[in-house]
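Notes follow the structure.
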Amino acid sequence: HLYRDDNDATKLQGDDEEGDDITKLHCLIRYLIKGVSDFSSESAYRESYVRSLLVEAYQNPITREEDERFHRRRCDLDLRFDQTRTMIGLFKVKEKQKEESQNTNRRGASSVKKQSAGELRLHKDISELNLPKSCKISFPNGKNDLMNFEVTIKPDEGYYVNGKFVFTFLVSNVYPHEAPKVKCKTKVYHPNIDLEGNVCLNILREDWKPVLNINTVIYGLFHLFTEPNYEDPLNHEAAEVLRDNPRTFESNVRRAMMGGQVGQTSFARCI
Numbered sequence: 650h651l652y653r654d655d656n657d658a659t660k661l662q663g664d665d666e667e668g669d670d671i672t673k674l675h676c677l678i679r680y681l682i683k684g685v686s687d688f689s690s691e692s693a694y695r696e697s698y699v700r701s702l703l704v705e706a707y708q709n710p711i712t713r714e715e716d717e718r719f720h721r722r723r724c725d726l727d728l729r730f731d732q733t734r735t736m737i738g739l740f741k742v743k744e745k746q747k748e749e750s751q752n753t754n755r756r757g758a759s760s761v762k763k764q765s766a767g768e769l770r771l772h773k774d775i776s777e778l779n780l781p782k783s784c785k786i787s788f789p790n791g792k793n794d795l796m797n798f799e800v801t802i803k804p805d806e807g808y809y810v811n812g813k814f815v816f817t818f819l820v821s822n823v824y825p826h827e828a829p830k831v832k833c834k835t836k837v838y839h840p841n842i843d844l845e846g847n848v849c850l851n852i853l854r855e856d857w858k859p860v861l862n863i864n865t866v867i868y869g870l871f872h873l874f875t876e877p878n879y880e881d882p883l884n885h886e887a888a889e890v891l892r893d894n895p896r897t898f899e900s901n902v903r904r905a906m907m908g909g910q911v912g913q914t915s916f917a918r919c920i
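Numbers in the working numbering are just positions in the sequence shown, counted from 1, shifted up by 649.
The following block contains the structure:
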């Protein structure tokens, strides 16, 4: 209420000495109001900004004639504070990125620690698979569940050519010290696979060793379809037919794969 026109300090009332002080205060307040408004939401900057302008003003007394020089000094302070604010902003962004990176690394390390030795070994086996085109692996429960997966075999030669046979694998946490449990989901007429899906493969039983891997097992299953073995059967009837009459065995295999009936047993089409 001491003054009405910001652009005309001569309208201030008082003696000469008091008038100079008021003029100086008038100029200071005018620029403080303009400058502080830029930082209204940042109390720390506002406090520092005001303090710097006050020190600058009283170390270098300002009169009406020096108003232009004060404006230049204020602009210099503006620039320095803008640069400081920018640097602090960049520093905060960098710190946030560093913190996020550390959190990600900690989550990853925690995830690895929770994996059993069997899971780690199985992950290695799967990453090193080298299968023929007739064999494919899939994860019905998603790749987060590596211990349960399926292998589909489509023989390209032999009695079972063009058939499609699906096997389930269940791997324990003590793998590879224990062989994976394998069953055939597809009902098949085969001397080494019974009608319940149990598989007779020596490396899944007494011949299993920790040095063997999933790739070895899949190749073993594939070999059962290219060269079925009647000497170590689970389906004794099929084994006898294969041994005594290979042509009848071949006919039975085709009938079963087409969804027909062999003896008293019906089969679903898998070709």
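C-beta atoms are modelled at their ideal positions from N, C-alpha and C, and glycine is treated no differently.
Checklist entry - Is it right to say Asp856 is buried, meaning 16 or more other beta carbons lie within 10 angstroms of its own, or is it exposed? => result Residue numbering aside, residue 856 sits at position 207 when the sequence shown is read from its first letter. Under a 10 Å Cβ-count criterion, Asp856 is classified as exposed, with fewer than 16 other Cβ atoms of the shown protein chains found around its own Cβ.
Item to check | Meets three-Cβ-pair contact criterion under 8 Å: the segment 863–873 and the segment 907–914 | outcome: Counting Cβ pairs under 8 Å, fewer than three are found: no touch.
Checklist entry - Alpha carbon to alpha carbon, what distance is there between Asp805 and Pro781? => result Residue 781 sits at position 132 when you count from the first residue of the sequence shown. Residue 805 sits at position 156 when you count from the first residue of the sequence shown. Rounded to whole angstroms, Pro781 to Asp805 spans 10 Å at the Cα level.
Checklist entry - Anyone know if the C-beta pair for Val800 and Leu844 falls short of 8 Å? => result For the purposes of this step, residue 800 is identified with residue 151 of the sequence shown, where counting begins at 1. For the purposes of this step, residue 844 is identified with residue 195 of the sequence shown, where counting begins at 1. Going by C-beta atoms, Val800 is not nearer than 8 Å to Leu844.
Item to check | Close Cβ partners of Ser689 (< 6 Å) along its chain, the five nearest in sequence each way excluded | outcome: Against the sequence shown, residue 689 aligns to sequence position 40. Confidence in Ser689 is poor, its pLDDT being 48 and thus under 50, which makes the residue's placement unreliable; the coordinate value appears in the next sentence. Hits under 6 Å: none found.
Checklist entry - For His839, which residues does DSSP report across the bridge? => result Counted from its first residue, the sequence shown places residue 839 at position 190. His839 pairs with Ile842.
Checklist entry - Given Leu795, which residues of its chain have a CB within under 8 Å of its CB, disregarding the five upstream and five downstream residues? => result Locating residue 795 in the sequence shown gives position 146, where the first residue counts as 1. Cβ neighbours of Leu795 within its own chain (closer than 8 Å, five residues either side excluded): Glu768, Leu771, His772, Ile775, Phe788 and Val820.
Item to check | Distance between beta carbons of Phe816 and Cys833, contact taken as under 8 Å | outcome: Along the sequence shown, one-based indexing puts residue 833 at 184. Along the sequence shown, one-based indexing puts residue 816 at 167. Indeed, because the Cβ distance is near 5 Å, the residues count as touching under 8 Å.
Checklist entry - Closest to Arg854 by CA distance: which of Val860, Phe874 and Glu827 is it? => result Walking along the sequence shown from the start, residue 854 turns up at place 205. Its Cα nearest to that of Arg854, the residue Glu827 stands out among Val860, Phe874 and Glu827.
Item to check | Terminal residues of the alpha helix (DSSP H) in which Asn864 lies | outcome: Here the question's residue 864 lines up with position 215 in the sequence shown. Per DSSP, Asn864 belongs to the alpha helix (DSSP H) from Ile863 to Thr875.
Checklist entry - Taking 8 Å as the CB-CB cut-off, is Leu769 touching chain B? => result As a matter of chain content, chain B is missing from the structure shown, which is built from one protein chain.
Item to check | Unbroken stretches of the alpha helix (DSSP H), 4 residues or longer, contained in the segment 766–791 | outcome: Listed in chain order, the complete alpha helix (DSSP H) runs (minimum 4 residues) inside the segment 766–791 are 766–776.
Item to check | Length of the line joining the Cα atoms of Phe874 and Ile852 | outcome: As a first step, residue 874 must be located in the sequence shown, where it is residue number 225. As a first step, residue 852 must be located in the sequence shown, where it is residue number 203. Going from the Cα of Phe874 to the Cα of Ile852 covers about 16 Å.
Item to check | Presumed contact (8 Å Cβ cut-off) between Pro840 and Ala766, rounded CB distance | outcome: For the purposes of this step, residue 840 is taken as the residue at position 191 of the sequence shown. For the purposes of this step, residue 766 is taken as the residue at position 117 of the sequence shown. With a Cβ gap of about 36 Å, Pro840 and Ala766 do not count as contacting.
Checklist entry - Can you tell me whether DSSP reads Gln910 as helix, strand or coil? => result Looking up residue 910 in the sequence shown gives position 261. In this structure, Gln910 counts as strand in the three-state DSSP scheme.
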